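Written below as C-alpha cells is the structure these notes are about.
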Amino acid sequence: MTPMSPASGPKLVLEGVHKAFGELAVLTGVDLAVTEHQVVSLIGASGSGKSTLLRCVNLLEAIDDGRILLDGDEISEPGRPADPVRRRIGIVFQSFNLFPHLSVLDNVTLAPHRVLGRPRREARAAALELLGRFGLADKAGDYPDRLSGGQQQRVAIVRALAMDPELMLLDEITSALDPELVGEVLAIVRELKDQGMTMLLATHEMAFAREISDVVVFLDEGRVVEQGPPSRLFADPSEERTRRFLARIVEGGRLG
Amino acid sequence: MLAAASTAAVVVAIAMLVPRAAGWPSVEERFFSREAFLEALPQVWAAIGLNVRIFLIAEAIILVTSLTVAVIRSSRSPLLFPLRAAVTVYVHVVRGVPLILVLFLFGFGVPALRLEGVTNDQTFWAIAALVFGYTPYVSEVFRAGIASIHESQRAAARSLGLSSWQTLRFVVLPQATRRVIPPLLNDFVALQKDSALVAFLGPIDAFRRSQIIVSSSFNYTPYLAASLIFIAFTVPLALLTDWLIARQQRRTTSGAVR
Numbered sequence: 033m034t035p036m037s038p039a040s041g042p043k044l045v046l047e048g049v050h051k052a053f054g055e056l057a058v059l060t061g062v063d064l065a066v067t068e069h070q071v072v073s074l075i076g077a078s079g080s081g082k083s084t085l086l087r088c089v090n091l092l093e094a095i096d097d098g099r100i101l102l103d104g105d106e107i108s109e110p111g112r113p114a115d116p117v118r119r120r121i122g123i124v125f126q127s128f129n130l131f132p133h134l135s136v137l138d139n140v141t142l143a144p145h146r147v148l149g150r151p152r153r154e155a156r157a158a159a160l161e162l163l164g165r166f167g168l169a170d171k172a173g174d175y176p177d178r179l180s181g182g183q184q185q186r187v188a189i190v191r192a193l194a195m196d197p198e199l200m201l202l203d204e205i206t207s208a209l210d211p212e213l214v215g216e217v218l219a220i221v222r223e224l225k226d227q228g229m230t231m232l233l234a235t236h237e238m239a240f241a242r243e244i245s246d247v248v249v250f251l252d253e254g255r256v257v258e259q260g261p262p263s264r265l266f267a268d269p270s271e272e273r274t275r276r277f278l279a280r281i282v283e284g285g286r287l288g
Numbered sequence: 005m006l007a008a009a010s011t012a013a014v015v016v017a018i019a020m021l022v023p024r025a026a027g028w029p030s031v032e033e034r035f036f037s038r039e040a041f042l043e044a045l046p047q048v049w050a051a052i053g054l055n056v057r058i059f060l061i062a063e064a065i066i067l068v069t070s071l072t073v074a075v076i077r078s079s080r081s082p083l084l085f086p087l088r089a090a091v092t093v094y095v096h097v098v099r100g101v102p103l104i105l106v107l108f109l110f111g112f113g114v115p116a117l118r119l120e121g122v123t124n125d126q127t128f129w130a131i132a133a134l135v136f137g138y139t140p141y142v143s144e145v146f147r148a149g150i151a152s153i154h155e156s157q158r159a160a161a162r163s164l165g166l167s168s169w170q171t172l173r174f175v176v177l178p179q180a181t182r183r184v185i186p187p188l189l190n191d192f193v194a195l196q197k198d199s200a201l202v203a204f205l206g207p208i209d210a211f212r213r214s215q216i217i218v219s220s221s222f223n224y225t226p227y228l229a230a231s232l233i234f235i236a237f238t239v240p241l242a243l244l245t246d247w248l249i250a251r252q253q254r255r256t257t258s259g260a261v262r
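So this is what it looks like as C-alpha cells:
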C-alpha cells in the first residue's frame, strides 16, 4: 500500500450529522473524520447510535441534517444517486445477511458481476482467490446455512471485499457469534488493517478496539463525547461519561 | 402404525355401514355403476385435452401477470403510485366478483361488442377470463412471499451497489418464489378444476362431456369418471410440489428463515 500523501484530506468526514426515526433522535450532531488507512472504532452503549451512523455513511439511511463527505465529495446530498457511492463502500453487518439461496461463491460474485459488469469467469476467479486467502476455498460451493457463524461472517467480509471498496464499515461483526468463533473473524480485520484498509467499525469488543484502532470514538446519546488514540482514551479518559461507560465495561469483564 | 390402523378402522366402518343404508342399492346403481363407468370413461378422457390445454396456458400466463401485479403492489417508489393504486383496485374488485361472472363477461360480453379483428373463439375467452379472475389471488400469494423476505436482505444487496431492480431480481424474488410454491400450486389445483367452467361458454370439456352422457342415460356415474380424471391431474401436481420443497430443503440444508 502506498503511504498517504500529506496533502490529501480525510477519506471520510461527518459534519453535524443528525438522524431521527420519528420522535426518536438517534444522531444529534456527529462530527467525525477518518483518514485513509486509518482504523477508527466507535464504542458506546447499545442505542448510542453506532449502527445508525454506519448505515448513514453507506446511505442506507438518509440523514436529516449535516453533511457526509467521501474524499471531500458530499455524498449525503439529497437526490444524489446512492448506488455509485455504495459501490465504493463495503459494509458488514452483525447478522451476516448472506443470501441464503446462493452458494458462497455466488454470494461473492453477484455484485462484481452484476454491478461492476465483470465477466462471470473473471469474477469467479477473483472470488476464489479471495476465499482462498481467508481459508474458505473449500466452502465455495456450499450454501450459507451449512456454515458456522464465523465462516458466514468471513464470507460476508469477502463479499464486501470483492467490490474493492475504498472504505469498510464493520457493524458489530462479532456480536452474533459464539465466543470461540470471534477470533477467526477478528483475525481477518487485523489482516485488513495490515494491508492498509480504511475502516470504521462499531464494536463491543473493547480489547480488540484497543488493539486495532488508530482512533477510538466514544458515542453517547447520538453525539461524539470524546475521541483519541486508544492508549489515552482507555487509560485516561477526559470526560466523566466516558469514564463511567468504561467502568461499567470493566465490571462486566469485557475489557481484557 | 397407529395412523394406519385407525385409518383402516374408519374405512372398514364406512364400507360396512354405507351399504346397509336402505337407499344404497339405488345409489350404487345411479352413481357407481360399473358398466356406465366403463362406457363413459373413454369419452370423458377424450375431452380432458381441452381442460389440460386451458389450464396449462392459463397457468403459464398467470405466473407472469400475477408476479407483475405483486411486484407493482410491493413497490415503494412514489412515481409508481398511480399504477399501484390501479392494480390494488383491480385485486380487490376482481377477488370479490364470482368467477362465472368474469367468464360470461369475457365469453359473451366482449364478442358481442363485435370489435374488428377480435376473436370470437370461446376457448380463448375462457383462458382470458381465468387469467383475469385468478391473477388477483395468485398475485397476493407472490406479494406475501415478497413481504416475507427480511429487510436486511435488501440492505445487504443495496449496500453492495445493486440497484433496486437488481435487488428484486437477484435477491428478493428468487427467495420469495421458492417460499410460495406450496400456496401457489394450491391455487393452480383450484384453477385446474375451474377449467371446467369453460363449458358454460360452449366448448365441450371433460365435465360437459360427462354431463351430456348423464342427461341421455339418467345415470350419474359419468361424473365420477370426470372426477377421477381431474384427480389424476391434481395429485401429480401435489406430489410435484412436495418433491420441489424437499429438493429445496436438501440443497440449503434447511429452509430456515433469516
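From first to last, the protein sequence lines stand for chains G and X. Positions 33 to 288 (my numbering) are the ones given, in order, by the first sequence. Positions 5 to 262 (my numbering) are the ones given, in order, by the second sequence. Glycine is no exception: its CB is placed at the ideal position from the N, C-alpha and C atoms. Computed from a predicted structure; not experimentally measured.
**Request:** Starting from residue 165/X, find everything on chain G with Cβ-Cβ shorter than 7 Å and list it in chain order.
**Result:** Within chain G, the residues near residue 165/X are 115, 118, 119, 143, 147 and 195.
**Members of the region 133-158 of chain X near chain G, C-beta cut-off 9 Å** = Residues of the region 133-158 of chain X that bring their beta carbon within less than 9 Å of a beta carbon in chain G comprise 154, 156 and 157, in sequence order.
**Asked** Given a threshold of 16 other Cβ atoms within 10 Å of its Cβ, counted over all protein chains shown, does residue 123/G qualify as buried or as exposed?
**Response** Result: buried.
**Asked** What does residue 160/X touch in chain G if you count any residue whose Cβ is under 9 Å from its own?
**Response** The contacting residues are 123, 125, 128, 129, 130, 131, 188 and 191.
**Prompt:** With distances taken from CA atoms, which of 92/G, 228/G, 130/G and 230/G is nearest residue 177/G?
**Reply:** With distances taken between Cα atoms, residue 177/G lies closest to 130/G.
**Asked** Based on Cα-Cα distance, which residue from 262/G, 223/G, 43/G and 279/G lies nearest to residue 64/G?
**Response** Nearest to residue 64/G by alpha-carbon distance, out of 262/G, 223/G, 43/G and 279/G, is 43/G.
**Message:** Threshold first: 4 residues or longer. Then list the alpha helix (DSSP H) segments lying entirely within the region 83-139 of chain X, N to C.
**Reply:** Within the region 83-139 of chain X, the alpha helix (DSSP H) runs of at least 4 residues that lie entirely inside it are, in chain order, 85-100 and 103-108.
**Request:** Return helix, strand or coil for residue 9/X, following the three-state DSSP convention.
**Result:** Residue state for residue 9/X is assigned as helix, using DSSP reduced to three classes.
**Asked** Leaving out five residues before and five after residue 262/G in sequence, what residues of the same chain have Cβ atoms less than 6 Å from its Cβ?
**Response** Excluding sequence neighbours, residue 262/G sits near 242, 245 and 248.
**Asked** So, does the CB of residue 92/G fall closer than 8 Å to a CB anywhere in chain X?
**Response** Interface residue, yes.
**Asked** If you draw a straight line from the C-alpha of residue 107/G to the C-alpha of residue 169/X, how long is it?
**Response** Roughly 22 Å between the two C-alpha positions.
**Item:** Alpha-carbon to alpha-carbon, residue 206/X and residue 14/X
**Value:** C-alpha separation (whole angstroms): 42 Å.
**Request:** Show which residues of chain G have a CB atom less than 9 Å away from the CB atom of residue 178/X.
**Result:** In chain order, 131, 133 and 134 make up the part of chain G whose C-beta sits under 9 Å from the C-beta of residue 178/X.
**Asked** Out of 189/X, 198/X and 9/X, which has the shortest C-alpha to C-alpha gap to residue 247/X?
**Response** Measuring from the Cα of residue 247/X, the nearest candidate turns out to be 189/X.
**Item:** Stretch-stretch touch, CB-based, cutoff 8 Å, three pairs: the region 217-232 of chain X with the region 27-37 of chain X
**Value:** Result yes; three or more Cβ-Cβ pairs closer than 8 Å.
**Message:** Using CA atoms only, rank isn't needed, just tell me which of 87/G, 175/G, 95/G and 199/G is closest to residue 132/G.
**Reply:** Put simply, of 87/G, 175/G, 95/G and 199/G the residue whose alpha carbon is nearest the alpha carbon of residue 132/G is 175/G.
**Request:** Check the C-beta distance from residue 62/X over to residue 131/X and give it rounded, since I have them as a contact under 8 Å.
**Result:** Between residue 131/X and residue 62/X the Cβ distance is about 5 Å, and since that is below 8 Å, they are a contact.
**Request:** Check whether the Cβ atoms of residue 199/G and residue 162/X sit closer than 8 Å, and answer yes or no.
**Result:** A distance of 8 Å or more separates the beta carbons of residue 199/G and residue 162/X.
**Message:** Run through chain G and tell me which residues come within less than 9 Å of residue 182/X, C-beta to C-beta.
**Reply:** Those within 9 Å of residue 182/X in chain G are 133.
**Prompt:** Under the rule that 16 or more other beta-carbon atoms within 10 Å means buried, what is residue 144/G, buried or exposed?
**Reply:** Residue 144/G should be labelled buried.
**Request:** Report the option in 199/X, 217/X and 60/X whose CA atom is closest to the CA atom of residue 41/X.
**Result:** Checking every option, the nearest Cα to that of residue 41/X belongs to 217/X.
**Request:** Under 9 Å between beta-carbons, which chain G residues line up against residue 175/X? List them in chain order, please.
**Result:** Neighbours of residue 175/X across chain G, judged by C-beta separation under 9 Å: 131, 133, 134 and 142.
**Request:** Count the C-beta pairs between the region 112-126 of chain G and the region 190-208 of chain G that are closer than 8 Å, then say yes if the count reaches three, no if not.
**Result:** Verdict: yes, contact present.
**Request:** Report the neighbours of residue 170/X on chain G: residues whose CB is nearer than 8 Å to its CB, in chain order.
**Result:** Simply 146 and 147.
**Request:** Note down, in chain order, each residue of its chain lying with its Cβ closer than 8 Å to the Cβ of residue 98/X, except the 5 sequence neighbours on either side.
**Result:** Excluding residues within five positions, the ones whose Cβ falls inside 8 Å are 106, 136, 137, 139 and 140.
**Prompt:** Is residue 60/G helix, strand or coil by DSSP?
**Reply:** Strand at residue 60/G.
**Exposure label - residue 230/G; buried when at least 16 CB within 10 Å** = Within a 10 Å sphere around the beta-carbon of residue 230/G sit 16 or more other beta-carbons, which makes this residue buried.
**Request:** Would you give the residue range spanned by the beta strand (DSSP E) that residue 260/G belongs to?
**Result:** Where residue 260/G is concerned, the enclosing beta strand (DSSP E) stretches over 255-260.
**Prompt:** So what's residue 95/G in DSSP terms, helix, strand or just coil?
**Reply:** Assigned with DSSP and collapsed to three states, residue 95/G falls in coil, not helix or strand.
**Prompt:** Using DSSP with H/G/I as helix, E/B as strand and the rest coil, what is residue 221/X?
**Reply:** Look at residue 221/X here: in three-state DSSP terms it is helix.
**Prompt:** Taking 8 Å as the CB-CB cut-off, is residue 46/G touching chain X?
**Reply:** Residue 46/G does not count as touching chain X.
**Asked** So, do the region 184-202 of chain X and the region 51-69 of chain X have three or more beta carbon pairs nearer to each other than 8 Å?
**Response** Note that the region 184-202 of chain X touches the region 51-69 of chain X; at least 3 beta-carbon pairs, one per stretch, sit closer than 8 Å.
**Message:** Buried or exposed, going by whether 16 or more other CB atoms sit within 10 Å of the CB of residue 269/G?
**Reply:** Buried, since its Cβ has 16 or more Cβ neighbours within 10 Å.
**Prompt:** What is the residue span of the alpha helix (DSSP H) that residue 145/G lies within?
**Reply:** Note, residue 145/G: alpha helix (DSSP H), 136-146.
**residue 239/X, buried or exposed, once every other Cβ within 10 Å from all chains shown has been counted against 16** = Classification for residue 239/X: exposed.
**Message:** In whole angstroms, give me the CA-to-CA distance for residue 59/G and residue 88/G.
**Reply:** Straight-line Cα distance between these residues: approximately 10 Å.
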